[in-house]
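Working notes, structure below.
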Amino acid sequence: MNSKRRMLLLISSVVSLILVDRYFRNPVELQLSDWFTPRNRPDVITTTDWFAPVLWEGTFNRQALEKYYRRRNVTVGLAVFATGRFAEDYLKTFLQTANKHFMASHRVVFYVIADAFLELPDVALGPLRTFQVLPISRESWWHDADLVHMKSLGEFIVGRIQAEVDFLFRMTVDRVFQGAFGVETLGASVAQLHPWWYFRNTKNFPYERKPDSAAYIPFGQGDFYYDGSIVGGTPRNVLNFIEKYLSGVMHDVERGLNSTYERHLNKYFFLNKPTTLLSPEYSWDAAFYPPAEVRRIRVAHPSERRLEEPLRLAN
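Those letters in the sequence shown? Residues -22 to -1, 1 to 293, by mature numbering (1 follows the signal peptide of the UniProt record, and there is no 0).
Below, the structure written as structure tokens:
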């Protein structure tokens, strides 16, 4: 009897240690209802058919999210490609505004993926922020910039990024942060709704319609049209997208086809539903005055405007 009691006590102690370890290593997961209130925005789509949140101003409680992610002590990576003719013109503004608005008060690693000819801007980063330059070579097929960029990013994720950050975003360099791009955007797989096509008829989405293409989506199918300027999630999920994209490109090349990066991205999210969707507020084209649904522009595309010209914001 004593032997049996000692065995039960030993098992109980081990179970207790496991539970304590799990508690401290993996805080209790935050439920969607703890921070997301879609009923606050009846004027827009706030939840997908697969129950993923669509983030708009007024739909999320950032304080609850901040408390949760501070306990997890997360590090977020932001990768930007600074290649091509106008990269230097955009990069300084991108970094200055991202330093101010992207994941404020959290650890951030800015990955600037650039060729050797780029002159890096002098930008003073805030606390908890680090800056890494990752070199990219000019390959024989450099004319397909998206292909080179995604191939390079995949290699950097495998080689170092996945060991350094919990979440990763990839953005194009011609973005200007206008407001808080915060922890509400963190998720396993993050997609950006295209600001133009969100307000258009879904029947006219410019999906790939050639049946032989890996990016093909038949008429009558598809959920949203996603913007290729922002992709995010865990490093593993971003890498999974890159692998599928590169595989799709090779599939098309072998058949003499040539679909776009954005159409391959839309096919990926059609088959692999994103867990978090960013509304057009996170990627607005400054050439257009925002409609009533867009209450706060968080990231803008300056279009043909001069970078130093203020963008018009909705109040």
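Glycine included, C-beta positions come from ideal geometry on N, C-alpha and C. None of these values were measured; they are calculated from a predicted model.
- prompt: In chain order, what residues of the same chain have a beta carbon less than 8 Å from the beta carbon of alanine 141, not counting five sequence neighbours either side?
  reply: In its own chain, leaving out the 5 sequence neighbours on each side, no residue places its CB closer than 8 Å to the CB of alanine 141.
- prompt: By Cβ distance, which residues of its chain are closer than 8 Å to tryptophan 34, with the 5 residues on each side in sequence left out?
  reply: By the criterion of a C-beta distance shorter than 8 Å, tryptophan 34 is surrounded in its chain by Arg19, Val22, Thr24, Ser257, Glu259, Glu271, Arg273, once the five residues flanking it on both sides are discounted.
query: Secondary structure at leucine 8, three-state DSSP: helix, strand or coil?
result: In this structure, leucine 8 counts as coil in the three-state DSSP scheme.
- request: Leaving aside the five residues before and after residue 297 along the sequence, list all residues of the same chain whose C-beta is less than 8 Å from its C-beta, in chain order.
  value: With the chain covering only -22 through 293, there is no way to say anything about residue 297.
message: For glutamate 162 and arginine 40, I'd like the C-alpha separation in whole angstroms.
response: Near 6 Å, if we compare the C-alpha coordinates of arginine 40 and glutamate 162.
- prompt: Which residues in the same chain as asparagine 4 place their Cβ atom closer than 7 Å to its Cβ, once the five residues preceding and following it in sequence are excluded?
  reply: The predicted model places asparagine 4 with a pLDDT of 48, which falls under 50 and marks its position as unreliable, so this point remains unresolved.
message: Taking the straight line between their C-alpha atoms, what separation do you get for glutamate 7 and arginine 138?
response: Their Cα atoms are separated by approximately 27 Å.
field: Range covered by the beta strand (DSSP E) that runs through tyrosine 108
entry: Before going on, a small fix: residue 108 reads as threonine here, not tyrosine. Boundaries of the beta strand (DSSP E) harbouring threonine 108: 107 to 113, taken from the DSSP string.
- request: Along the beta strand (DSSP E) that carries methionine 149, what are the first and last residues, could you check?
  value: Taken as a continuous stretch (DSSP letters only), the beta strand (DSSP E) holding methionine 149 covers 145 to 150.
field: Nearest-angstrom Cα separation, counted from asparagine 215 out to glutamine 110
entry: Rounded to whole angstroms, the gap between the alpha carbons of glutamine 110 and asparagine 215 is 22 Å.
message: Based on DSSP bridge pairs, tell me the residues matched to glycine 211.
response: Glycine 211 pairs with Leu146, Ser167.
Assigned secondary structure, glycine 85 (DSSP; H/G/I helix, E/B strand, else coil): The sequence given here has arginine at residue 85, not glycine. DSSP, reduced to helix, strand and coil, places arginine 85 within a strand of the structure shown.
- request: Measure the C-alpha to C-alpha separation of phenylalanine 29 and phenylalanine 159 and round it to an integer number of angstroms.
  value: Looking at the two C-alpha atoms, the distance is approximately 22 Å.
C-beta atoms of leucine 171 and tyrosine 204 nearer than 9 Å: The criterion of a C-beta distance shorter than 9 Å is satisfied by leucine 171 and tyrosine 204.
message: If we require 3 or more residues per run, which beta strand (DSSP E) segments fall completely within the region 207 to 258?
response: For the region 207 to 258, whole beta strand (DSSP E) runs of length 3 or above, ordered along the chain, are 254 to 256.
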